[in-house]
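Below: one structure, written as C-alpha cells.
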Amino acid sequence: MAMLSLDNPTFERFAFYSGVAIGKTLLMSALTVRSRLTNKIFSNPEDVAGFGGKEIIGDERVERIRRCHQNDIENVFPFVLVGSFYVATNPDPWWAAVLFRTFVISRCLHTVCYLTPVPQPSRFLACMTGWGVTAVMAALVIRAGRV
Amino acid sequence: MAMLSLDNPTFERFAFYSGVAIGKTLLMSALTVRSRLTNKIFSNPEDVAGFGGKEIIGDERVERIRRCHQNDIENVFPFVLVGSFYVATNPDPWWAAVLFRTFVISRCLHTVCYLTPVPQPSRFLACMTGWGVTAVMAALVIRAGRV
Amino acid sequence: MAMLSLDNPTFERFAFYSGVAIGKTLLMSALTVRSRLTNKIFSNPEDVAGFGGKEIIGDERVERIRRCHQNDIENVFPFVLVGSFYVATNPDPWWAAVLFRTFVISRCLHTVCYLTPVPQPSRFLACMTGWGVTAVMAALVIRAGRV
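Protein chains in written order, with the working numbering: chain D, 25 to 171; chain C, 25 to 171; chain L, 25 to 171.
Next up, the structure:
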C-alpha cells in the first residue's frame, strides 16, 4: 500500500493541492478582517473601543465573505481529511491528479462566483463539483477500509 | 510504532469510520441545498434571481439542518484530526475499534435526534458521547507526544 | 523524507501540540453547553422542553463563546491539516518546534483575550500570529509539493 510520504508522487501532489486549498481558505480570514477594518463593522464592544466604528451583527459586506469562508470550511477541510486516506489506498496517479485539480479549480471558481457575484447556477455548479470529488473519494475510502 | 498505512489494521479501520463520519457530514450540505431549493429560501440576491423564492436569513427549516451540520464540523473534524495521531500511538486494536464505532454510532444518533427531533436529553447524550471519545483520544495523544 | 510516525521526533512534537490545540477547541463546546445550561438559553424548542428556559438566537453570553469557537475552527483545523504535510517535508526540528509552540501559545492567548475580554489589539495580534504560522507552513508545503 502507498505511503503517506513525499517519496510517494501522489502524496506529493496531494500536499500541493491541499496547501493551495487551505491557503485559499486562510485568505478568507484576511478578507474578513480587511472588510471589518475598512467598513468599521465589528462583533464585539472591545473591537469598537479599539478600532472605532460600530457593533453590527449581520452586515452584508462582511456576511457574504463569511458565508464564502464557511462554505470553504464545509468543503475544503473534508477534502483534505478524506484525501489522505484516499492517497493511502494507492490510487491510480492519473485519476488522483484529475480529482485533486478538479477540486481546487472548482473551489477557486466558487470563491470568484461568490465574491463577484456571478449569476447562478455558476456558484451552485462549482460547489457541487468540489463536493462530488470529496464524495467519490469518501466512497473509495469506505470501500478500502475495514469495518 | 504503528504506521499510517492500510497495512496497519487499526488505520484500515480508522479509514472506514472516518470515511463514514465525513460522508455523513457531506450529506448535511446536500440536505441544506435540498431544503433551500424546496422551500425557496436563499441567503443571496443572485440565488433568488437564479432559482426564485425569497432572500431570508434565519428560517428555521434551513437553520435546524445548518446547526446539525455545524455540530458535525465541531465534532467530526476533530475526531478525524486527533484520530490519526491516536492510530500512530499504536493503540490496542480492540479498544481502538470500540472508540471508532462508538463515535460513529453516536454521531448518526445525534443527526437522527436533531432532524426528527427526538425529545432531549437524547441529542445531548449522543453529542457528549462522541465528544468524550475525541477527548479521550486527545488526552492519549498529548501523553504520547513530545513537549 | 520524514515519516509520519512517532519514531520521527518532529511528528512526535506535532502530535503533542496538535492534541493540545484540538483539546482546547473541544473545551469551547463544553463552555457553550455550560453557558446554555446556566443561562437557560437554547436554539431549539425540544431543548427548552427538556431543560427549561427560553429559545433565544443571538444572546451575547452564548454568542461570544461561539465566535471564539468558530475562530478556533477557522485556525486550529487548518494548522493541523497543513502541519502534517509540513512535517512530511522534513523541516529543521528547531524551527518546527518554534512554529508549533508559537501557534499553540497564540491560540491560548486568543481565547483568554476573547473570553475576558482583554482590550484590542491584543486579540487581533494573537489571531494574526497563529494565522501567520499556518500561512508560512502552507507556503512551505506548496513549495515542496508537486503540481
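By construction, the Cβ of each residue, glycine as well, lies at the ideal position given by its N, Cα and C atoms. Keep in mind it's a predicted model, so treat the numbers as computed, not measured.
Quick one: grab the DSSP three-state call for residue i.
{"i": "residue 64(D)", "result": "coil"}
{"i": "residue 133(D)", "result": "helix"}
{"i": "residue 34(D)", "result": "helix"}
{"i": "residue 149(L)", "result": "helix"}
{"i": "residue 108(C)", "result": "helix"}
{"i": "residue 25(C)", "result": "Confidence in residue 25(C) is poor, its pLDDT being 47 and thus under 50, which makes the residue's placement unreliable; the coordinate value appears in the next sentence. Of the three classes helix, strand and coil, the one that applies to residue 25(C) here is coil, per DSSP."}
{"i": "residue 141(L)", "result": "coil"}
{"i": "residue 203(C)", "result": "Residue 203(C) lies beyond the stretch modelled for chain C, which goes from 25 to 171, so this question has no answer here."}
{"i": "residue 115(L)", "result": "coil"}
Excluding the 5 residues flanking residue i on each side, which residues of the same chain have their C-beta closer than 8 Å to its C-beta?
{"i": "residue 120(L)", "result": "34, 37, 38, 110 and 111"}
{"i": "residue 28(C)", "result": "35, 108, 111 and 112"}
{"i": "residue 25(L)", "result": "In this predicted model, residue 25(L) has a pLDDT of only 47, less than 50, meaning its place in the structure is not dependable enough to derive any value."}
{"i": "residue 91(D)", "result": "138"}
{"i": "residue 169(D)", "result": "109"}
{"i": "residue 104(C)", "result": "42, 45 and 46"}
{"i": "residue 136(D)", "result": "142"}
{"i": "residue 164(L)", "result": "110, 113 and 115"}
{"i": "residue 83(D)", "result": "63 and 65"}
Grab me the residues of residue i's own chain with a C-beta within less than 7 Å of its C-beta, minus the 5 sequence neighbours each way, in chain order.
{"i": "residue 60(L)", "result": "66 and 86"}
{"i": "residue 72(D)", "result": "66, 78 and 79"}
{"i": "residue 162(C)", "result": "106"}
{"i": "residue 69(L)", "result": "79"}
{"i": "residue 146(C)", "result": "137"}
Spatial neighbours of residue i within its chain, please: CB distance less than 6 Å, with the 5 preceding and 5 following residues excluded, ordered by chain position.
{"i": "residue 93(L)", "result": "52"}
{"i": "residue 123(C)", "result": "157"}
{"i": "residue 100(L)", "result": "45 and 49"}
{"i": "residue 41(C)", "result": "124 and 128"}
{"i": "residue 148(C)", "result": "none"}
{"i": "residue 63(C)", "result": "85"}
{"i": "residue 30(L)", "result": "36"}
{"i": "residue 154(D)", "result": "99, 127, 130 and 131"}
Measure how close the beta-carbons of residue i and residue j come, nearest whole angstrom, since I'm counting them as under 8 Å.
{"i": "residue 116(D)", "j": "residue 49(D)", "result": "Not quite, the Cβ-Cβ distance comes to about 27 Å (not below 8 Å), so this is no contact."}
{"i": "residue 56(C)", "j": "residue 89(C)", "result": "5 Å"}
{"i": "residue 74(D)", "j": "residue 143(L)", "result": "6 Å"}
{"i": "residue 150(D)", "j": "residue 134(D)", "result": "4 Å"}
Mind listing, in chain order, the continuous alpha helix (DSSP H) runs of no fewer than 4 residues lying wholly within the stretch 37 to 106 of chain C? DSSP runs (the alpha helix (DSSP H)) wholly in the stretch 37 to 106 of chain C: 69 to 75.
Scan the stretch 109 to 141 of chain L for residues whose Cβ lies nearer than 7 Å to a Cβ of chain D and list them as they occur along the chain. Listed by position along the chain: 109, 112, 113 and 141.
Mind listing which residues of the stretch 32 to 46 of chain L have their C-beta closer than 8 Å to chain D's C-betas, in chain order? none
Under 8 Å, CB to CB, which of the residues in the stretch 156 to 169 of chain D have a partner in chain C? 158, 159, 162, 163, 165, 166, 168 and 169
The stretch 71 to 99 of chain C: positions lying closer than 8 Å to chain D by Cβ: 71, 73, 74, 75, 81, 93 and 97
Would you list, in chain order, the members of the stretch 43 to 68 of chain D that have their beta-carbon closer than 7 Å to a beta-carbon of chain L? From the stretch 43 to 68 of chain D, only 43, 44, 46, 47, 49, 50, 53, 67 and 68 have a Cβ closer than 7 Å to chain L.
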